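First comes the structure, then the notes that go with it.
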Amino acid sequence: MAHRWGMSVDLDRCTGCEACVVACHAENNIPTAGPDEAARGRAKHWMRVERYWEGEFPDVRLKFRPVLCQQCESAPCEPVCPTYASSHTSEGLNAQIYNRCIGTRYCANACPYNVRFFNFYNPVWERPLDLQLNPDVSIREQGVMEKCTFCVQRIRGAQHQARLGDRPVQDGDITPACAQSCPSEAIVFGDLHDKTSRVAQLSADPRGYHVFEALNTKPGITYLARVVHEQEA
Ligand code: SF4
Numbered sequence: 028m029a030h031r032w033g034m035s036v037d038l039d040r041c042t043g044c045e046a047c048v049v050a051c052h053a054e055n056n057i058p059t060a061g062p063d064e065a066a067r068g069r070a071k072h073w074m075r076v077e078r079y080w081e082g083e084f085p086d087v088r089l090k091f092r093p094v095l096c097q098q099c100e101s102a103p104c105e106p107v108c109p110t111y112a113s114s115h116t117s118e119g120l121n122a123q124i125y126n127r128c129i130g131t132r133y134c135a136n137a138c139p140y141n142v143r144f145f146n147f148y149n150p151v152w153e154r155p156l157d158l159q160l161n162p163d164v165s166i167r168e169q170g171v172m173e174k175c176t177f178c179v180q181r182i183r184g185a186q187h188q189a190r191l192g193d194r195p196v197q198d199g200d201i202t203p204a205c206a207q208s209c210p211s212e213a214i215v216f217g218d219l220h221d222k223t224s225r226v227a228q229l230s231a232d233p234r235g236y237h238v239f240e241a242l243n244t245k246p247g248i249t250y251l252a253r254v255v256h257e258q259e260a
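Numbering follows our numbering, in which position 218 of the sequence shown is assigned residue number 245; successive positions increment by one, without gaps.
So, in structure tokens, the structure goes:
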């Protein structure tokens, strides 16, 4: 495998502002759901920021954790797909091939991270909102499953640029929308196979952990635990 795209998310830096969520929606043409659709569990967020409370009021500590597709090496979503729409790429991504998907939703049921979303309806962007759609990303139709791809369009764009420049892709060439928009630079993306890359070094940090590590899904995302100072604990 030439590359293994991965990400680190530093929970000590995350302030829960959700700029990453907004940027993900804008970059990937993700429609917003109204309150009725959301109440029926049909809201779509390829990325969400989970909130946790510790302690009792007034000594409450708030924690945030951005959650997106973990791009697992042993992805539970892949073997259950009858049409191989959910499949592994040679660069370690869990690809979702929309024109193969027949909407059984087995993958969403198999995913322990709850990061796959079914299109219950054809999205509509009323004018002038349709003018802000990203032409590099397809609009998904009713009946197919969708999810985060680490902004694969940006990965391909950077690879094309590198090829035109007759050079390899370098660390920092690719920045997914969430990482680009994060004001505290909590999110770092790159190639885990390049041991000199920022993401590889951060992923080896002693604070690093994987969500649901015991499931052996081998995620491509490493979370860096929040540092708790004694007076905070
Ligand atoms: S943009 Fe950065 S700081 Fe804000 S919620 Fe996302 S990861 Fe956290």
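Just so it is clear, CB atoms sit at the ideal spot from N, CA and C, and this is done for glycine as well.
As the structure is a computational prediction, the values presented were derived from the model and not from experiment.
Check                                                                                                                                                               : Outcome
When you compare the CB positions of D198 and V164, do they come within less than 9 Å of one another, or not?                                                       : no
What separation, rounded to the nearest whole angstrom, lies between the Cα atoms of P210 and D218?                                                                 : 22 Å
Given a cut-off of 9 Å, decide if N56 and I124 are closer than it, judged by their beta-carbon atoms.                                                               : no
CB of R31 to nearest heavy atom of the ligand SF4: below 8 Å?                                                                                                       : no
Which same chain residues end up closer than 7 Å to C134 when comparing Cβ atoms and leaving out the 5 residues on each side of it in sequence?                     : C104, V107, C108, S113, R143 and M172
Closer than 9 Å, CB to CB, is Y250 near chain B or not?                                                                                                             : Note that chain B does not occur in the displayed structure, where there is just one protein chain.
Which residue comes first and which comes last in the alpha helix (DSSP H) that contains I182?                                                                      : V179 to L191
In its own chain, which residues sit with a C-beta less than 7 Å from the C-beta of D232, not counting the 5 before and 5 after it?                                 : L251
Could you give the residue range of the alpha helix (DSSP H) that holds A237?                                                                                       : Here the sequence assigns His to residue 237, which means Ala is not the residue at that position. No alpha helix (DSSP H) contains H237, which DSSP labels as neither H nor E.
Rank Q186, C205 and S224 by C-alpha distance to the C-alpha of C47 and give the top, closest one.                                                                   : C205
At which residues does the beta strand (DSSP E) containing R88 begin and terminate?                                                                                 : R88 to L95
Where does Y173 sit, in a helix, a strand or coil, going by DSSP?                                                                                                   : Checking the sequence shown, residue 173 turns out to be Glu, not Tyr. E173 falls in the strand class under three-state DSSP.
Along the chain, where does the beta strand (DSSP E) that runs through L251 open and close?                                                                         : I248 to L251
Of all residues in the structure, which have a C-beta closer than 7 Å to any heavy atom of the ligand SF4, taken in chain order?                                    : V36, R40, C41, T42, G43, C44, E45, A46, C47, V48, V76, F91, P93, C205, S208, C209, P210, S211, A213 and I214
Return the chain-ordered list of same chain residues with a C-beta closer than 7 Å to the C-beta of N146, the five sequence neighbours on each side being excluded. : R167, E168, Q169, G170, V171 and E173
With a 10 Å radius around its C-beta and 16 neighbouring C-beta atoms as the bar for buried, classify P203 as buried or exposed.                                    : buried
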